[in-house]
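Peer 1: If you're matching positions, the sequence shown starts at 1 in full-length UniProt numbering and goes up one per residue.
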Amino acid sequence: MTVYNSACDVSQPQEGHRLTDIPAHDPFVLADSSTGTYYLYTGAVPSLHGVASYGVLTYTSQDLESWKGPYLVFTIPENSWAHPQHGAWAPEVHAYKGRYYLFVTLHNQERKLDGEPVQGYEKHWRGTVIAVSDSPAGPFEMINPEAPVVSSTQMTLDGTLYMDEQDEPWMVYCHEWIQTIDGTIEGVRLDADLSTAIGEPMTLLQASSAPWLSQQQHALEDQEISVYVTDGCQLYRTFSGKLMMLWSSYEGDSYVQTIARSISGTLAGPWEQLEPLVKEDSGHGMLFQTFDQQWMLILHRPFDMPASRCYLYEIEDTGDRFRLKHSIATL
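(1) Out of curiosity, what's the CA-to-CA distance linking I259 and Y313?
(2) Can you give me the Cβ contacts of A219 inside the same chain, cut-off strictly under 6 angstroms, excluding the 5 residues immediately before and after it?
(3) State the Cα-Cα distance for the pair A44 and N79, rounded to the nearest angstrom.
(4) Assuming L190 contacts P211 (C-beta within less than 8 angstroms), just tell me the rounded distance between them.
(5) Could you pull out every residue in the same chain whose Cβ sits closer than 8 angstroms to the Cβ of W271, ignoring the five residues on either side in sequence?
(6) Which value, in whole angstroms, describes the spacing of the CA atoms of M305 and H83?
(7) Please go through the same chain and pick out, in chain order, the residues whose beta-carbon is closer than 7 angstroms to the beta-carbon of P201, but skip the five residues on each side of it.
(8) State the CB to CB distance for the pair G69 and M1, rounded to an integer number of angstroms; the pair is presumed to be in contact (CB under 8 angstroms).
(9) Can you list, in chain order, the residues of its chain whose CB lies under 6 angstroms from that of I328, leaving out five sequence neighbours each side?
(10) Which runs of the alpha helix (DSSP H), 4 residues or longer, sit entirely within the region 35-66?
(11) Could you name the residues of the same chain whose beta carbon sits closer than 7 angstroms to that of Q215, not counting the 5 residues immediately before and after it, in chain order?
(12) Can you give the Cα-Cα distance for Y173 and M155, rounded to whole angstroms?
(13) For L267 and T196, I'd like the C-alpha separation in whole angstroms.
(14) From what residue to what residue does the beta strand (DSSP E) around W177 run?
(15) Could you tell me which residues DSSP puts in a beta bridge with C310?
(16) Helix, strand or coil, according to DSSP, for D32 in the structure here?
(17) Pick helix, strand or coil for P211, following the three-state DSSP scheme.
(18) Can you tell me which of Q289, P302, F303 and S308 puts its alpha carbon nearest to the alpha carbon of I315?
(19) Looking at the strands, I want to know which residues DSSP matches up with H83.
(20) Could you please give me the residues that DSSP links to S249 through a beta bridge?
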């Protein structure tokens, strides 16, 4: 099987990888304080990692500089609704009620949805699933192999866990622009064991609400319509309680990491769009705190694999927003 480099070889995990060695897209870091270990999650790709089908990898580190791995923590099961050869996007792992929950977006291009293609993209089953393990190192098992969390009639992606003011779980996710033209970010309540969505989804924002996206058109524009992309939603609170949302879109041909703030301080918003944090074809980032409580942003750049790599930035919590301090160039 094909292996891109030694940092991709799941058959021979090694120590001493740098982020510059690791092809990665949609990175997510879980800081596990019980073991003093950072877990970096990204997708497993047959053409890069020597695996038979798509899944999820993790790398581990104690210092964010030297990484060990990769380790395969999830493989799309043959008996699920998703096709094992059609991709696994945006994996992220959350500690919840003593266990670890993997959110990952899967696909089945053979299960078509109604509607004409948009810019050559067919409408088909795409959605976030949730899998569970007793360890952040996996293996993770899908809770419901029959369908994604949100209705299979909707093309959804990049689901993340959010706990509201009543400590109730939600999945916040993106609704694909292929269906909506103007991509949205939506939220749906989950039951206590994260196995089922409860009630109808709530729309939080539309991509076109960002003023810097005024009349913005995706790079694959077909000269007839303008499309607006939503990717990679993540939610955090500042020390003063402001609710912030990271998300990504396009500015011209280039991917952008941006941020929004809830005026009400709740998921329902309304949401005001702030200036992007990072441009330069960068995005799909998330925030985490180091073991000494420093906020960090990790994202990928450039967009296309296998050139894409992880980049780390120190982030300042000013109370009313998160602000970029500087990049960690040595990693």
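Using N, Cα and C, we set each Cβ at its ideal position, and we do this for glycine too.
Peer 2: According to the structure data:
(1) 15 angstroms
(2) Here the model assigns A219 a pLDDT of 42, short of 50, so the residue's position is not dependable and the matter cannot be decided.
(3) 19 angstroms
(4) 32 angstroms between Cβ atoms; not a contact.
(5) L204, L205, S209, M245, A260, R261, S262 and I263
(6) 21 angstroms
(7) V150, E186, G187 and V188
(8) With a Cβ gap of about 17 angstroms, G69 and M1 do not count as contacting.
(9) L312
(10) 46-49
(11) Low confidence applies to Q215: its pLDDT is 47, below 50, so where it sits in the model is not reliable enough to give any reading.
(12) 10 angstroms
(13) 19 angstroms
(14) First-last for W177: W177 to T180, but that is the alpha helix (DSSP H), not the beta strand (DSSP E).
(15) H300
(16) The answer is strand: DSSP assigns D32 an E or B state.
(17) helix
(18) Q289
(19) Partner(s): none; H83 has no beta bridge.
(20) V256
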